[in-house]
Amino acid sequence: MLKVGYLIPFTVIKNMPDHDSYLTVIPQKGILAQLPKKYARKEYRIGDSDWASVFMIKGARITLSQKSSQSGTTFSTKRCL
321 MLKVGYLIPF TVIKNMPDHD SYLTVIPQKG ILAQLPKKYA RKEYRIGDSD WASVFMIKGA
381 RITLSQKSSQ SGTTFSTKRC L
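Each residue of the sequence shown is one higher than the last, beginning at 321 in the working numbering.
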């Protein structure tokens, strides 16, 4: 079960210019979610994968974000080895 604030991986499956967002899928769950372009840290292409946090759950709509709600800046998703 997803909760607001969870950091999750996603894969872009569709660019939705009429909603100014990307339609994504959460691979482990098979759940669809929206990533608004204003909350994305870069422009994505179909098939691109990255990480984002669950920003809002309203009914069946899940919205992701790559921006920090405290500072308004994007967070880095680079992995450290």
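Virtual Cβ for every residue (Gly too), placed ideally from N, Cα, C.
What you are looking at is a predicted structure, and each value in this text was computed from that prediction instead of being measured.
Practice task
Would you check if the distance between the CB atom of K334 and the CB atom of I366 is smaller than 8 Å?
Solution key: yes
Problem - Y342 - DSSP class collapsed to helix/strand/coil - result: Here DSSP, grouped into helix, strand and coil, assigns Y342 to strand.
Practice task
Hey, could you find the ends of the beta strand (DSSP E) M321 is sitting in?
Solution key: No beta strand (DSSP E) holds M321; DSSP gives it neither H nor E.
Exercise for the section: Kindly indicate the opening and closing residues of the beta strand (DSSP E) around A372. Expected result: S369 to K378
Practice task
Buried or exposed for K398, please, with buried defined as at least 16 other CB atoms from any protein chain shown within 10 angstroms of its CB.
Solution key: Because K398 sits at a pLDDT of 49, beneath the cut-off of 50, its placement in the model cannot be relied upon, and the point is left open.
Practice task
Give the straight-line distance between the Cα atoms of V345 and I382, rounded to the nearest whole angstrom.
Solution key: Using only the alpha carbons, I get a separation of about 10 Å.
Practice task
Could you tell me which of L343, M336 and P347 sits nearest to L322, measuring between CA atoms?
Solution key: P347
Exercise for the section: Compare the C-alpha of D340 against each of V324, G325, R361 and Q354 and name the closest. Expected result: Q354
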